[in-house]
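Peer 1: Residue numbers for the sequence shown, in our numbering: 53 to 411.
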Amino acid sequence: MEDKLIDNLIKEELKDNNVPDIVNDKVNEALFNISKGNLDEGIREDKRGNNFRGIKIAIICLCLIGGTGVIYNKEIVSYAKETIVTVFKYMNGERRMSKDFDEYSNKIMAEAEDKNITVKITDVISDGVSLKLGYTVENNNIKSKEEKYEISPLGNRNNNLFYINGKEMALDSGWANTDNLSNKVTIISESHRFKEKLPEKFDLEWKITRINEVEGNWNLKFTVDSNELMKQSKIVKVNKSYTLGEIKYQIKEVRYTPISNFIDITGEADENYYIGERGEENIKGLLVTDEEGIVIQEESGIYSKLQEGKRVTTYTLDSPIEKCPKKINIVPYTKDMGRKYVGEKLELEKVHKITIDME
Numbered sequence: 053m054e055d056k057l058i059d060n061l062i063k064e065e066l067k068d069n070n071v072p073d074i075v076n077d078k079v080n081e082a083l084f085n086i087s088k089g090n091l092d093e094g095i096r097e098d099k100r101g102n103n104f105r106g107i108k109i110a111i112i113c114l115c116l117i118g119g120t121g122v123i124y125n126k127e128i129v130s131y132a133k134e135t136i137v138t139v140f141k142y143m144n145g146e147r148r149m150s151k152d153f154d155e156y157s158n159k160i161m162a163e164a165e166d167k168n169i170t171v172k173i174t175d176v177i178s179d180g181v182s183l184k185l186g187y188t189v190e191n192n193n194i195k196s197k198e199e200k201y202e203i204s205p206l207g208n209r210n211n212n213l214f215y216i217n218g219k220e221m222a223l224d225s226g227w228a229n230t231d232n233l234s235n236k237v238t239i240i241s242e243s244h245r246f247k248e249k250l251p252e253k254f255d256l257e258w259k260i261t262r263i264n265e266v267e268g269n270w271n272l273k274f275t276v277d278s279n280e281l282m283k284q285s286k287i288v289k290v291n292k293s294y295t296l297g298e299i300k301y302q303i304k305e306v307r308y309t310p311i312s313n314f315i316d317i318t319g320e321a322d323e324n325y326y327i328g329e330r331g332e333e334n335i336k337g338l339l340v341t342d343e344e345g346i347v348i349q350e351e352s353g354i355y356s357k358l359q360e361g362k363r364v365t366t367y368t369l370d371s372p373i374e375k376c377p378k379k380i381n382i383v384p385y386t387k388d389m390g391r392k393y394v395g396e397k398l399e400l401e402k403v404h405k406i407t408i409d410m411e
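This is the structure in structure tokens:
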């Protein structure tokens with residue numbers, strides 16, 4: 053009851069101050085997302101906390117002391133958007149993500165509805181290589197609490213397409229986390245790597261034409277801006293080949309950002325070279341250490357194929373690390389090394405390695 057009274061007071065004060073319609077619309081949208089949005093069922097405790105009340109108090113105070121439309125737009129709407137509990141913040145709280153992406157993401161309010169199903173995006177972030185999205189899907193066709201609705205992540209379906217600055221982009225790889233807030237609401241965070249690099253700022257259009265068995269049209273358009281993230285990043289162009297044992301490695305670049313450490317690396321060997329299978333003790337994967345030999349990263353995927361009589365292997369090295377080291381060492385696994393994990397120390401003088409200067 054108290055929340056409803058405060059909501060009404062905010063709206064009345066905004067109306068009396070004759071602020072631009074866009075501000076009223078944005079504040080109403082923010083209030084809706086806070087108190088009635090898709091995350092409502094999962095964040096009731098957060099709503100009662102200081103952040104939720106702080107938004108309303110800040111809006112009331114600014115309304116009472118007056119001000120220009122510019123002040124409302126920059127201070128009220130921006131503060132409300134930053135404070136709303138987002139998909140990334142929820143996933144971090146549930147320990148479903150390896151890094152606090154919420155701190156670096158663009159907070160957006162983009163949604164599309166068709167066939168009584170609503171897709172709502174709250175977060176997006178790009179590190180120039182991958183695109184990370186946080187969104188919810190609500191199926192209002194579900195009428196019974198006993199009926200359950202679960203969906204697969206939408207971005208990895210062939211008929212759901214991404215367009216960047218009007219150009220269709222081909223997906224390369226990705227991952228996703230899902231959770232169910234209720235029997236009809238699914239919350240999803242997912243990451244996609246494209247076959248081309250992404251600009252620091254771009255217009256993104258996501259055309260969704262199928263959600264589970266339902267065909268429709270869910271078009272989402274918004275702008276992605278990674279300028280602030282890239283200010284805290286380090287990109288080292290390598291473009292060199294290194295031969296270690298049976299493999300000739302080609303490294304194009306190392307791209308450190310606060311949300312990922314991406315190493316663009318492939319390996320080429322004889323066509324009979326056996327790369328191994330995930331879980332095998334002698335899998336021929338890669339480790340990454342800092343200048344002291346502490347393991348900071350390991351490949352999270354290996355894809356190998358025959359290409360022009362050679363065994364070409366692509367290694368996925370893009371997980372987040374705590375800080376940018378002075379140097380990185382890329383170390384191939386050997387049969388006598390045994391399984392090593394992040395945080396363990398290698399004796400660098402005893403292993404084959406490729407060293408990249410990050411300073």
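In this text, a Cβ means the ideal position worked out from N, Cα and C, and glycines have one as well.
1. Roughly how many angstroms separate the alpha carbons of residue 343 and residue 179, rounded to a whole number?
2. Could you tell me whether the Cβ atoms of residue 364 and residue 375 are closer together than 8 Å?
3. Measuring CB to CB, does residue 379 end up less than 8 Å from residue 339?
4. Determine the direct distance from the alpha carbon of residue 239 to that of residue 233, and round the result to whole angstroms.
5. Restricting to runs no shorter than 3 residues, where is the beta strand (DSSP E) found entirely within the segment 319-375?
6. Return the first residue and the last residue of the beta strand (DSSP E) that residue 308 is part of.
7. Check whether the segment 154-171 and the segment 222-233 touch, using three or more Cβ-Cβ pairs below 8 Å as the test.
8. Check for me: the beta strand (DSSP E) holding residue 411 runs from which residue to which?
9. For residue 409, which residues in the same chain have their Cβ closer than 6 Å to its Cβ, ignoring the five residues on either side in sequence?
10. Alpha carbon to alpha carbon, what distance is there between residue 244 and residue 322?
11. I'd like to check one pair, residue 347 with residue 297: are the Cβ atoms closer than 8 Å?
12. Which of helix, strand or coil does DSSP assign to residue 401?
13. How many angstroms separate the CA atom of residue 382 from the CA atom of residue 155?
14. Taking C-beta to C-beta, are residue 215 and residue 257 nearer than 8 Å?
15. Does the beta-carbon of residue 295 have 16 or more other beta-carbons within 10 angstroms, so that it is buried, or is it exposed?
16. Relative to the alpha-carbon of residue 370, which residue among 164, 314 and 220 has its alpha-carbon at the smallest distance?
17. Terminal residues of the continuous alpha helix (DSSP H) containing residue 190?
18. So, residue 177 versus residue 263, is the Cβ gap smaller than 8 Å?
19. Around the C-beta of residue 219, are 16 or more other C-beta atoms found within 10 angstroms, so that it is buried, or is it exposed?
20. Return the residue from the list 282, 193 and 273 that minimises the CA-CA distance to residue 260.
21. Helix, strand or coil: which one does DSSP assign to residue 264?
22. So for residue 394, helix, strand or coil by DSSP?
Peer 2: To lay it out plainly:
1. Against the sequence shown, residue 343 aligns to sequence position 291. Against the sequence shown, residue 179 aligns to sequence position 127. Approximately 24 Å, taken between the alpha carbons.
2. Counting from 1 along the sequence shown, the entry for residue 364 is found at position 312. Counting from 1 along the sequence shown, the entry for residue 375 is found at position 323. Going by C-beta atoms, residue 364 is not nearer than 8 Å to residue 375.
3. Stepping through the sequence shown from its first residue, residue 379 is reached at position 327. Stepping through the sequence shown from its first residue, residue 339 is reached at position 287. Cβ distance not < 8 Å, so residue 379 and residue 339 don't count as in contact.
4. Working through the sequence shown from its first residue, we reach residue 233 at position 181. Working through the sequence shown from its first residue, we reach residue 239 at position 187. Approximately 7 Å between the Cα atoms of the pair.
5. 338-341, 347-350, 353-359 and 362-368
6. Along the sequence shown, read from residue 1 onward, the residue named residue 308 stands at position 256. 299-309 is the span of the beta strand (DSSP E), which, as asked, contains residue 308.
7. no
8. Locating residue 411 in the sequence shown gives position 359, counting from the first residue. Segment: none, residue 411 is in no beta strand (DSSP E) and carries neither H nor E.
9. As a position in the sequence shown, residue 409 is number 357, starting the count at 1. Correct list, in chain order: 379.
10. Along the sequence shown, one-based indexing puts residue 322 at 270. Along the sequence shown, one-based indexing puts residue 244 at 192. For residue 322 and residue 244, the distance between alpha carbons rounds to 31 Å.
11. Translated into positions along the sequence shown, residue 297 becomes position 245. Translated into positions along the sequence shown, residue 347 becomes position 295. Cβ distance not < 8 Å, so residue 297 and residue 347 don't count as in contact.
12. Within the sequence shown, residue 401 is the residue found at index 349, counting from 1. Residue 401: helix per DSSP, three-state reduction.
13. Against the sequence shown, residue 382 aligns to sequence position 330. Against the sequence shown, residue 155 aligns to sequence position 103. Cα to Cα, residue 382 sits roughly 29 Å from residue 155.
14. Numbered from 1 along the sequence shown, position 163 holds the residue referred to as residue 215. Numbered from 1 along the sequence shown, position 205 holds the residue referred to as residue 257. Yes, Cβ-Cβ distance for residue 215 and residue 257 is below 8 Å.
15. The residue given as residue 295 occupies position 243 in the sequence shown. Classification of residue 295: exposed, given that the 10 Å Cβ count is below 16.
16. Indexing the sequence shown from 1 puts residue 370 at position 318. Of the candidates 164, 314 and 220, the one whose C-alpha sits nearest the C-alpha of residue 370 is 314.
17. For this step, residue 190 is matched to residue 138 along the sequence shown. Unbroken run through residue 190 is the beta strand (DSSP E), 182-191; no alpha helix (DSSP H).
18. As a first step, residue 177 must be located in the sequence shown, where it is residue number 125. As a first step, residue 263 must be located in the sequence shown, where it is residue number 211. Not a contact, by the Cβ cut-off of 8 Å.
19. Mapped onto the sequence shown, residue 219 falls at position 167. Exposed, since its Cβ has fewer than 16 Cβ neighbours within 10 Å.
20. Reading the sequence shown from its first residue, position 208 is the one you call residue 260. Measuring from the Cα of residue 260, the nearest candidate turns out to be 273.
21. Stepping through the sequence shown from its first residue, residue 264 is reached at position 212. Reduced to three states, the DSSP call for residue 264 is coil.
22. Along the sequence shown, read from residue 1 onward, the residue named residue 394 stands at position 342. If DSSP states are grouped into helix, strand and coil, residue 394 belongs with coil.
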